[in-house]
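Chemist: Residue numbers (my numbering), protein chains in the order written: chain H, 1 to 116; chain W, 1001 to 1280; chain F, 2001 to 2146. Note that CB positions come from ideal geometry on N, CA and C, so glycine has one too. One structure, pasted below without further comment.
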Amino acid sequence: MLKESQIMKIHYMTGIAALFVVAVHILMRLVMPYNLSLEYDNVILNYHNLPYAVLLESILVLIAIHGFNGLRIILLEMRQSRGWEGFVTVVTIAAMMGVIAYGTRTIIVANGLSLG
Amino acid sequence: MTETIEKIEHLDKKRAKEHKEKEILRSSVTLKVLRANRAAGEPARYDTYEVPVQRSTTVLDALLWAKQSKDHSIGIRYSCRMASCGSCGMKINGIPRLACYTKVSELEGSTITCEPLANFPHLRDLVTDFSQFFAHHKDMKPYVQNKAADLDPSQITKLSEFLQTPEDVDKFLQFSYCIKCGLCYSACPTVAMDTRFPGPQALGQAYRYFADTRDGASKDRLDMVDEKHGIFRCHFAGSCSTVCPKGVDPALGIQLLRGHLLGFSKSEKKAAELKDRSKA
Amino acid sequence: MEVADRNNREGLKGWLNPGRYGWERVSYWLQRLTGVGLLAYFVGHVYETSSLTQGIDAWNAMLELTQTPLGHLILLLVIGMSTFHSANGIRLIFAEGGKGLGKPGRPDYPYDAVSLNYRQKSGIWIALILAAVAMLYGASVLFGGE
Ligand code: HEM
Ligand code: HEM
Ligand code: SF4
Ligand code: FES
């Protein structure tokens, strides 16, 4: 089991790393007119761009770890009993992995899609 | 940058000082006191008392006046009347404060509301149960641990003493001023939810002994607070340090201790020298 | 530990009126609210983008749902939340590691706690100002017309 100090080091590091990748992601909405940036072809082209697809995957993983650990913290403080603590650990880890898997599927599929 | 911050600090402090110096002088106030005997299953109600006050009347003075001349049954705990014993903590106008350390003239409005400290099990009227709070304090082993020193009085063979410089003392002195009044524990948003979180008082004491050059158990002290409901459940909301009446600043101690757990700070603590003073 | 007595714990009521303890408590309050808000947005966002896999029509249908005035208002909030949470988060990482708080000393009346210093307060204010600026800029992009 990880110690709480190790978990929180991960929490802080994923937070700092997310800052950079999310900034790039939001700036991508501004390299062209906002509405154009959301058009199907442009979005698919983004996914075809391998470095950017890797960036999306890293946002997905970093934010999922950071965000669901944040949720774990909040839930741990809500109630104190062995049962609840086990439940919180299982649910937040499962949700984290679920979101990562679901988002990764999008990235892989969209990476292989042809333009509309 | 630093200059701008200093300018803002100066302006804000000036405003706060002017605000504080504005004494509100009145000849009487209304005390609104929460009443209930929980052991008898009573629900809470509020009783009000009109109390004559002078410039230097404290909330404790006012409560004791009401108890003497209006209603002997008001339950209240106090002892020293001078912010030393830590027994008169209560919520005054919604904020945890010492009743003996809060003057009526610094409070706004014509009514002063007195309620038992939040986060402590309520017993009766303004009296709460401190046993959980003290248990958290005790969990931190709040005493010097040192294998080299003969601390066990039954085993003393030598008369030895620790040598500490004034600088060594300054590293922990302010944390040792804690009077265990529980105001910080009552203000803390994590304590409000998490019963296993030690709270600002206990964690502040963990740092107090961690930083003491006479103590040899630094490693154990770090391990003790590195758990699910331990030091990382502090989110630096700072409310403990806002309400502490003794300048302990528990939030500072907690963050400094956490800095050691995260590897931000290295311990440069040198063990205090042990000097044998026994006469041959 | 034995089952602890929750009698008289403030509980979620402590979340009302965050201003009564000063800026640091407001920061705690906002950091948590924005954290939860961003997490909700993130999960919704991953669901939103997954419509891509079902082709252009599904994507356009999703855009019709989200690129509305209300959708833009939510996006604006997300921009503000992520700016505040990130900027204040950086401050908190240092502060919670004991950096920028000052040193212990000999407390003197009226006992200003050094950890609640103006470097920390300015950090909170700067995060709030950055969030406001980011939201203004976002509004000019989202609502600024074609
Ligand atoms: C981008 C840079 C980010 C940084 C630097 C950052 C930093 C932090 C820090 C330092 C904390 C701990 C605060 C504390 O101890 O009270 C925190 C908590 C949290 N963060 Fe982030 N964060 C970032 C992005 C995000 C994002 C995008 C999300 C959304 C998924 C998120 C969700 C959370 C949650 C749910 C918490 C728990 C709230 C709490 O403990 O009060 N964070 N963040
Ligand atoms: C201004 C607000 C935002 C807009 C308009 C936006 C839009 C988009 C779009 C169009 C995509 C598809 C890929 C691309 O073209 O880049 C995408 C993917 C993604 N976005 Fe955002 N985004 C925003 C903010 C955020 C934030 C704040 C986060 C992090 C919390 C985030 C996380 C992600 C992730 C993880 C993906 C990849 C999802 C996947 O493929 O499974 N986005 N976003
Ligand atoms: S740290 Fe301050 S507020 Fe907390 S118990 Fe000690 S003296 Fe009271
Ligand atoms: S009566 Fe002793 S601290 Fe108030």
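Roughly how many angstroms separate the alpha carbons of L36 (chain H) and S114 (chain H), rounded to a whole number?
Modeler: Cα-Cα distance, rounded: 18 angstroms.
Chemist: Just checking: is the beta-carbon of G86 (chain H) within a distance shorter than 8 angstroms of some beta-carbon in chain F?
Modeler: It does not: the Cβ of G86 (chain H) has no partner Cβ on chain F nearer than 8 angstroms.
Chemist: If you reduce the DSSP assignment to three classes, tell me which class R1097 (chain W) lands in.
Modeler: Three-state result, R1097 (chain W): strand.
Chemist: Assign N2008 (chain F) to one of three DSSP states: helix, strand, or coil.
Modeler: Looking at N2008 (chain F) - three-state DSSP - the assignment turns out to be coil, as it is neither helix nor strand.
Chemist: Should L1123 (chain W) be listed as close to ligand 2, given that the test is whether its C-beta is under 7 angstroms from any heavy atom?
Modeler: Because no heavy atom of ligand 2 lies under 7 angstroms away, the Cβ of L1123 (chain W) does not count as near it: no.
Chemist: At what residues does the beta strand (DSSP E) containing P2069 (chain F) begin and finish?
Modeler: Here P2069 (chain F) belongs to no beta strand (DSSP E); instead the alpha helix (DSSP H) covers 2069-2096.
Chemist: Secondary structure at S1160 (chain W), three-state DSSP: helix, strand or coil?
Modeler: Looking at S1160 (chain W) - three-state DSSP - the assignment turns out to be strand.
Chemist: Starting from T2053 (chain F), find everything on chain H with Cβ-Cβ shorter than 8 angstroms and list it in chain order.
Modeler: Neighbours of T2053 (chain F) on chain H, chain order: R105, T106, V109, A110, L113.
Chemist: Could you check what DSSP says for G1238 (chain W) in three-state terms: helix, strand or coil?
Modeler: Coil.
Chemist: Return the Cβ separation of V2133 (chain F) and G103 (chain H) in integer angstroms, given the expectation that the two are a contact with Cβ distance under 8 angstroms.
Modeler: Not really, about 30 angstroms apart at Cβ, beyond 8 angstroms.
Chemist: May I ask you to report which of helix, strand or coil DSSP gives N49 (chain H)?
Modeler: N49 (chain H) falls in the coil class under three-state DSSP.
Chemist: Can you tell me whether DSSP reads E1268 (chain W) as helix, strand or coil?
Modeler: Coil at E1268 (chain W), not helix or strand.
Chemist: Could you pull the DSSP bridge partners for H1010 (chain W) from this structure?
Modeler: None, per the DSSP bridge assignment.
Chemist: Looking at the strands, I want to know which residues DSSP matches up with P1092 (chain W).
Modeler: A small fix is needed here, since residue 1092 (chain W) is Ile in this sequence, not Pro. In the DSSP output, where bridge partners are listed per residue, I1092 (chain W) has W:I1095, W:C1114.
Chemist: Given that V54 (chain H) touches chain F, what residues does it touch there, using C-beta distances under 7 angstroms?
Modeler: By Cβ distance, chain F contributes nothing, its closest Cβ being about 16 angstroms from V54 (chain H), past 7 angstroms.
Chemist: On a Cα-Cα basis, can you pick out the residue from W:D1125, W:D1276, W:T1030 that is closest to K1158 (chain W)?
Modeler: Checking every option, the nearest Cα to that of K1158 (chain W) belongs to W:D1276.
Chemist: Please confirm if G1089 (chain W) has its CB atom under 8 angstroms from at least one CB of chain F.
Modeler: Judged by the 8 angstroms Cβ criterion, G1089 (chain W) is not in contact with chain F.
Chemist: Name the one or two DSSP bridge partners that L1275 (chain W) has.
Modeler: According to the sequence shown, residue 1275 (chain W) is Lys rather than Leu. Answer is W:E1161, bridged to K1275 (chain W).
Chemist: If you reduce the DSSP assignment to three classes, tell me which class V2003 (chain F) lands in.
Modeler: Legend: pLDDT at V2003 (chain F) = 42, less than 50; position of this residue unreliable, value from coordinates given subsequently. Correct three-state label for V2003 (chain F): coil.
Chemist: Classify I1074 (chain W) as buried or exposed, calling it buried when 16 or more other Cβ atoms lie within 10 Å of its own Cβ.
Modeler: Buried: at least 16 other Cβ atoms inside 10 Å.
Chemist: Measuring CB to CB, does L56 (chain H) end up less than 8 angstroms from A18 (chain H)?
Modeler: No, the Cβ-Cβ distance between L56 (chain H) and A18 (chain H) is not below 8 angstroms.
Chemist: Going by C-alpha distance, which of F:Q2120, F:D2112, F:I2074 is nearest K1017 (chain W)?
Modeler: Answer by Cα proximity: F:D2112.
Chemist: Report the option in F:A2139, F:M2135, F:L2130, F:I2126 whose CA atom is closest to the CA atom of I1008 (chain W).
Modeler: I1008 (chain W) has its Cα closest to that of F:I2126, out of F:A2139, F:M2135, F:L2130, F:I2126.
Chemist: Beta-carbon of H1136 (chain W) versus every beta-carbon of chain H: anything under 8 angstroms?
Modeler: By this cut-off, H1136 (chain W) is not an interface position.
Chemist: Using 8 angstroms as the limit for Cβ to Cβ distance, is W2059 (chain F) near chain H?
Modeler: At least one chain H Cβ lies under 8 angstroms of W2059 (chain F).
Chemist: So is M8 (chain H) in contact with chain W if we call contact Cβ pairs under 8 angstroms?
Modeler: So, interface residue.
Chemist: Rounded C-beta distance between C1242 (chain W) and A1187 (chain W)? I'm assuming under 8 angstroms.
Modeler: Cys is not the amino acid found at residue 1242 (chain W); the sequence shown has Thr there. The pair is a contact, with the Cβ atoms about 7 angstroms apart (cut-off 8 angstroms).
Chemist: Give a yes or no on whether 8 angstroms exceeds the smallest Cβ distance from F1133 (chain W) to chain F.
Modeler: Chain F, which has no Cβ nearer than 8 angstroms to the Cβ of F1133 (chain W), makes this no.
Chemist: Determine contact between the region 1200-1215 of chain W and the region 1224-1239 of chain W, defined as no fewer than three beta-carbon pairs at a distance below 8 angstroms.
Modeler: Verdict: yes, contact present.
Chemist: Going by DSSP, which residues form a beta bridge with P1153 (chain W)?
Modeler: DSSP output for P1153 (chain W) lists no bridge partner at all.
Chemist: With ligand 4 as the reference, list in chain order each residue whose Cβ lies under 7 angstroms from any of its heavy atoms.
Modeler: Result: W:L1060, W:Y1078, W:S1079, W:C1080, W:R1081, W:M1082, W:A1083, W:S1084, W:C1085, W:G1086, W:S1087, W:C1088, W:L1098, W:A1099, W:C1100, W:Y1101, W:I1179, W:C1181.
Chemist: Which chain F residues sit within Cβ distance under 9 angstroms of R1258 (chain W)?
Modeler: Result: E2096, G2097, G2098.
Chemist: Is V2043 (chain F) near ligand 3, judged by its Cβ being under 7 angstroms from some heavy atom?
Modeler: No, since every heavy atom of ligand 3 falls outside the 7 angstroms radius drawn around the Cβ of V2043 (chain F).
Chemist: I want to see whether chain H comes within less than 8 angstroms of T1190 (chain W), judged by CB atoms only; does it?
Modeler: It does: the Cβ of T1190 (chain W) has a partner Cβ on chain H nearer than 8 angstroms.
Chemist: Can you have a look at I1024 (chain W) and say buried or exposed, based on whether 16 or more other CB atoms are within 10 angstroms of its CB?
Modeler: Looking at its Cβ environment, which holds fewer than 16 other Cβ atoms inside 10 Å, I1024 (chain W) is exposed.
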